[in-house]
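Visitor: I am attaching a structure below and will ask some questions about it afterwards.
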Amino acid sequence: MAKMLMVDPSLCTGCHRCEMWCSLTKYGEINPSRSNVYVVRREPAVDVPVVCIQCGLCINVCPTGALKRDKKTMAVVVDKEKCVGCGMCTNVCPIGVLRIDKETKMAAKCDLCGGSPACAAHCPQNAIRYEVANKAAAKRRELWAMAHAVRNR
Amino acid sequence: MWYGFAGKLLRVNLTSGEFKVEELDKNELRKYMGCVGYAAKLLYQEMPAGIGPLAPEAKVVLATGAVTGTSCPSGGSYEVCYKSPLTGTWNQARSGGAFGPKLKYAGFDFVVIEGKAKEPVYIYIHDGKVEIKAAKHLWGLNVEETTDTLIRELDDPEISVATIGQAGENGVLYAALINDRGRAAGRGGIGAVFGSKNLKAVVVNGRGGIKVARPKEFAAAIEKAEQWLKNYPLSSIPTLGTVGLVSLNNSLGILPTKNFQETYFENADQISGEVLNRKYQIKRRACYGCSFACGRYTSVMSGKYATPPMEGPEYETVDMFGPICGVDDLEAIIRANYLCNVYGLDTVSTGMSIGFAMECYEKGLLTEKDTEGMPLRWGDGEVMVKLVEKIAHREGIGEFLAQGVKRMAEQLGPAAEEAAIHVKGLELPAHEPRSESKVLALQYAVSPRGGCHMHPNWASTWDFGQLDCGMKEFGMPWPPKEIQDESPQKGVAYRYVALQGEISEILGACIFYSWGTEGSCITPQLYAEIVSALTGWDVTAEELMLAAERSWNLKRCFNAREGFTREHDKLPKRFTKAIPNGPAKGLKVVNLDAMLDAYYEAMGWDKATGNPTPEKLKELGLEFAIMSS
Ligand code: SF4
Ligand code: SF4
Ligand code: SF4
C-alpha cells in the first residue's frame, strides 16, 4: 500500500531539522530556503510543518508536461529535462509548497525521496511520519477538522 | 569557496554610519576555529586595555561558529563577545533561537560593531545586504513590541530580531539582549552596551544556506550524533526542560535558597518542572536545528500574575525568582521571567540583586526608608515582581538595584559584604559550590566573565555528573575523587573540563550536547568528524583542543591586561562557612588555594599571577598577547 507523509503539528518544536535534512539530501547544503518541507514558526508558540500532499493539481497546468506521477511512490516528480521554470505550477499549488529553485531555476518539490523521506527519518519529535495512506488520511481529516474547530473555541 | 562558514566579517561603525565587508583568512580562522575563539583574537587585538565598556570606543562582536546553522544537533547558538560593564572583564553571552543561523545564511560569520550612533538605530542584515536604519520610533518599546513592529515594517515574518528593551536603554548594568522574543544573551550587561551605542536591535535574515564539503560523510556523522544522543544521560532536559532540576537539586541539598544562605527549599515541590509542565506549559520549543527542545512556552491564564504566552522559565530563572527570593509561587516566577524577557534583563542577576536586597532588609541594612516604604520580605512574590519593573526603569529603589550586587554592597558598607554573592561582580547562578561540586567552586573563582557555571562548561560534569565527555584519552584524571575532595586533582581536572567546554564555544555549539561519555554525547572526537566533513579541513580532536586552549588563554590575557590577577580569583566569603541545614548540612569550601595552584600549573600559567606565561603563549602561537611589563 502506498505511503504518505503525515504531519502532527502538536509534536513539532519548530527545530527546522526536517528542512535542513531535505536541503542536505537534495543539494548537499544546509539551507531551509532550498527545502521541500516548510516549517512555519511564528510567535507566540506556533510551529507547523507543511509538506506537499502530492495532490497532483500542478500536473495539469504544466505547459511542458514536466510533472508526472511516480508509479512506485505515487509522488508527483519534476522531469528535469522538460521543466522550463515558468512557475505555473507554483501559482496553482494550493498550499504553496512548490517553488522555483534559485540555483537550478527549475521547479522543485517533494518527491518523497524516492520512498525513504529524509525529513521523516530525522524528525526528532516524530512530528513528520511516513505512514500508509489510510492512516495518513485519517490524521489529515483530524487536522483539517481541528483547524476549523479552533476558531469556535 | 567556503564550506561550513560564510567566509565574511561585517564591520559596522555606528559613529560614521558606514560599514564594510571583510573576507576572512582561512588559515587565521582555522587557528582559532571560529566563534568565541576568533572573537577573542579580534577583541584582544582591537580593543586596548582600559576602554570603558560603555564608551563609544568599546567594540562588540557577534560571533557564529562552524556548526552554527547546520544540522549538527547543537548548532543553534551564537555568542556576543564584549567587555562587560558589570565586571570590567571579558564577557561572552550565548543565545539560541534563530539569530545565529540566520546571520550565517545572510552571509556573515561575524559582525563587529563599533562607535556610537547619534540617534537610535538598528542594523538590518539580509542576504549580504546591510542597512543602518533609524530606530527613533522603536526607542522606549519593549522587546515584544520592537520585534512585532520590525516584522511588520520589514514585511518579513521570518526575520530574526535581537533587540534590547527598556532596561538596556536605561543602562541597567545587567540588561540582556533578547533575540526571537524570548532567547537571551543574558549575562554581563550587553543590553547596556547596546543602549550606550544607541543601538536598539540587529535584524537578520538570509537564504544563502551553508555549503557542505563532503555531504555524504557529513550526513553520516550527523546520523551518528543523532544516535548517540538517544543515550543522553541528562534525558530530563528534553522532557521536563531544565526546570526538571529543581526537585532533584533540592533533594540533594544543592538548590541555592535565600540568597545562598541555605541550599534546601521547603516548598520546592510547588515550583517543580512537573508542576510547570502540568499547569502552565503551552508547548515545547527548540532553537534552530536543535533536537532536544529544552525551551518551552508557558503562560498564566488569569489572576494578578496573568502572563501571555512567553518563552521560559528555565531552571536558573525558577531558582532565582523562587528559592533565592524565598518565593514558592510559580505564577509570580513566570510573571517575573516575562518582565525580564520584555524589558530585556538577565534573570540571574535580576533575581540575585533582589535576593541580596531581601537579605539586607532582613539584616536591617536596607530599611523602608530606602525602599519607598516597601518591606522586602523573603517570599513576597508581589514585591519581587514590582522590583523587576522598577529595575528595568531604574525608578526609585530600582535605580539602586540596577547596579548589581557588587556595587550595592560597596555602597552599603562592610556589613553587606557577607550577602554579596558574586565573583568579579557577576552574580552567581543557581548552582551551589559548597555541595554540588568542588570543580564548580574552582570554576566560579576563575571563570573569565566572573561567577559563571556555563562558560565554557558546566564544571560539575566531571565530579558531580561522573562524566568524562570523551576527555579521558586526553589525560583527564579518572575516576573523579568524591565531590567534596579539594585536592590538586580537582585543579587538574578543571583544565580538561574547561577545554572540552571551550571546544563547543569555538564551534558555536550549545553546551548541552557535550555532557556524557562516548556513545551518549557529542565528544570532541565526534565534533572533529562533523567539522571535518562540513569544512573539508580534516580537523582532529587534538586540533580542536589546541584551538580551544588558544581561546581560553586569550580571554585570560584580555582580563590580565585589564588588571585582573590571581587575587581576583576568589569566592564569596559565605562559601567558606558551613551550609546550615538540609541534606548538605556542614559542607563548605576550605581549600580553594590548593585547587587554584594545581589548575594554574596544569594550564602552564604563572602561579603567582595566575596568568599565561610568555612560554605558554609562544607555544600556542599567541606571541602578540605577551605583555611587555
Ligand atoms: S524536524 Fe520535526 S520537530 Fe523539527 S521542525 Fe521539522 S517537523 Fe518540527
Ligand atoms: S515550472 Fe516547470 S514544472 Fe512548473 S509548470 Fe513550469 S515547466 Fe511545469
Ligand atoms: S520527503 Fe524528501 S523531498 Fe520530500 S520534504 Fe521530505 S526530505 Fe524533502
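Protein chains in written order, with full-length UniProt numbering: chain A, 1 to 153; chain B, 1 to 629.
From the three backbone atoms N, C-alpha and C, an ideal C-beta is built for every residue, glycine too.
Along the chain, where does the beta strand (DSSP E) containing W144 of chain A start, and where does it finish?
Guide: Note, W144 of chain A: premise wrong, no beta strand (DSSP E); alpha helix (DSSP H) at A133 to A149.
Visitor: Since A134 of chain B is in the beta strand (DSSP E), which residue starts that stretch and which ends it?
Guide: Run containing A134 of chain B: K129 to A134, per the beta strand (DSSP E) assignment.
Visitor: Below 8 Å on the Cβ atoms is my guess for I210 of chain B versus K104 of chain B; work out the distance and round it to an integer in Å.
Guide: Confirmed, about 6 Å.
Visitor: Going by DSSP, what residue range makes up the beta strand (DSSP E) through M6 of chain A?
Guide: Per DSSP, M6 of chain A belongs to the beta strand (DSSP E) from K3 to V7.
Visitor: Hey, is D101 of chain A's beta-carbon within less than 9 Å of any beta-carbon in chain B?
Guide: By this cut-off, D101 of chain A is not an interface position.
Visitor: Mapping the DSSP letters down to three states, classify L620 of chain B as helix, strand or coil.
Guide: Reduced to three states, the DSSP call for L620 of chain B is coil.
Visitor: Quick check on R284 of chain B: buried or exposed, where buried means 16 or more other Cβ atoms within 10 Å of its Cβ?
Guide: Its Cβ being crowded by 16 or more others within 10 Å, R284 of chain B is buried.
Visitor: Whole angstroms is fine: what's the gap from V7 of chain A's alpha carbon to E567 of chain B's?
Guide: If I take the Cα positions, the gap works out to 58 Å.
Visitor: Counting only beta-carbon atoms, is W21 of chain A nearer than 9 Å to chain B?
Guide: Yes, W21 of chain A lies at the interface with chain B (some Cβ there is under 9 Å from its Cβ).
Visitor: Quick check: the Cα distance between G76 of chain B and W478 of chain B, rounded to an integer number of angstroms?
Guide: If you take the alpha carbons of G76 of chain B and W478 of chain B, they lie about 32 Å apart.
Visitor: Count the CB pairs spanning the segment 221-237 of chain B and the segment 547-555 of chain B that are closer than 8 Å, and state whether there are at least three.
Guide: Short answer: they don't touch.
Visitor: Assuming A39 of chain B and G14 of chain A form a contact by the criterion Cβ under 8 Å, report the distance between their Cβ atoms to the nearest whole angstrom.
Guide: In fact, because the Cβ distance is near 28 Å, the residues do not count as touching under 8 Å.
Visitor: Counting contacts by CB-CB distance shorter than 9 Å, is E46 of chain B in contact with chain A?
Guide: Judged by the 9 Å Cβ criterion, E46 of chain B is not in contact with chain A.
Visitor: Which bits of chain B does A45 of chain A rub up against, with CB to CB less than 8 Å?
Guide: Chain B residues near A45 of chain A: I282, K283, R285, Y297 and P309.
Visitor: By alpha-carbon positions, which one of B:A63, B:M603 and B:A58 ends up nearest to R495 of chain B?
Guide: Of the listed residues, the one whose Cα sits closest to R495 of chain B is B:M603.
Visitor: Give me the residue from B:G171, B:L617, B:D109 and B:V80 with the minimum Cα distance to Y3 of chain B.
Guide: Y3 of chain B has its Cα closest to that of B:D109, out of B:G171, B:L617, B:D109 and B:V80.
Visitor: So, are the CB atoms of V405 of chain B and E314 of chain B less than 9 Å apart?
Guide: No; because the gap between Cβ atoms is not below 9 Å, this pair is not in contact.
Visitor: Who pairs with P612 of chain B in a beta bridge, going by DSSP?
Guide: DSSP output for P612 of chain B lists B:W605 as bridge partner(s).
Visitor: Would you please verify whether the beta carbon of E314 of chain B is less than 9 Å from any beta carbon of chain A?
Guide: No, because no Cβ of chain A sits closer than 9 Å to the Cβ of E314 of chain B.
Visitor: I think K224 of chain B touches L467 of chain B, with their Cβ atoms under 8 Å apart; what is that distance to the nearest whole Å?
Guide: Wrong, their Cβ atoms sit about 19 Å apart, outside the cutoff.
Visitor: What residue does the alpha helix (DSSP H) around Y361 of chain B start on, and which one ends it?
Guide: From DSSP, the alpha helix (DSSP H) with Y361 of chain B extends over T347 to E362.
Visitor: Given G396 of chain B, which residues of its chain have a CB within under 7 Å of its CB, disregarding the five upstream and five downstream residues?
Guide: E372 and K390.
Visitor: Roughly how many angstroms separate the alpha carbons of P48 of chain B and S272 of chain B, rounded to a whole number?
Guide: Spanning the two alpha carbons is a distance of roughly 46 Å.
Visitor: So does G85 of chain A have its beta carbon nearer than 8 Å to some heavy atom of ligand 4?
Guide: Ligand 4 is not among the ligands present in this structure, which contains only ligand 1, ligand 2 and ligand 3.
Visitor: Is there a Cβ of chain B sitting closer than 9 Å to that of Q54 of chain A, yes or no?
Guide: False, the Cβ-Cβ gap to chain B never drops below 9 Å.
Visitor: Could you pull out every residue in the same chain whose Cβ sits closer than 7 Å to the Cβ of C89 of chain A, ignoring the five residues on either side in sequence?
Guide: Correct list, in chain order: C58, V61, C62, L67, L98 and A107.
Visitor: Which same chain residues, not among the five before or five after Q261 of chain B, have their C-beta less than 6 Å away from its C-beta?
Guide: There are no such residues.
Visitor: Of all Cβ atoms in chain B, is any one closer than 9 Å to the Cβ of G87 of chain A?
Guide: So, not an interface residue.
Visitor: Ligand 2 and T317 of chain B: does any heavy atom of the ligand fall closer than 8 Å to the residue's C-beta?
Guide: It does not: the Cβ of T317 of chain B is nowhere closer than 8 Å to a heavy atom of ligand 2.
Visitor: When the distance is taken between beta carbons, is P53 of chain B closer than 9 Å to V202 of chain B?
Guide: No.
Visitor: Cα separation between M595 of chain B and G536 of chain B?
Guide: Computed Cα separation, rounded: 40 Å.
Visitor: Examine chain A for any beta-carbon lying closer than 9 Å to the beta-carbon of V212 of chain B, and answer yes or no.
Guide: It does; some Cβ of chain A falls within 9 Å.
Visitor: Taking C-beta pairs closer than 8 Å, name the residues in chain A that Y288 of chain B reaches, listed in chain order.
Guide: Simply C15 and H16.
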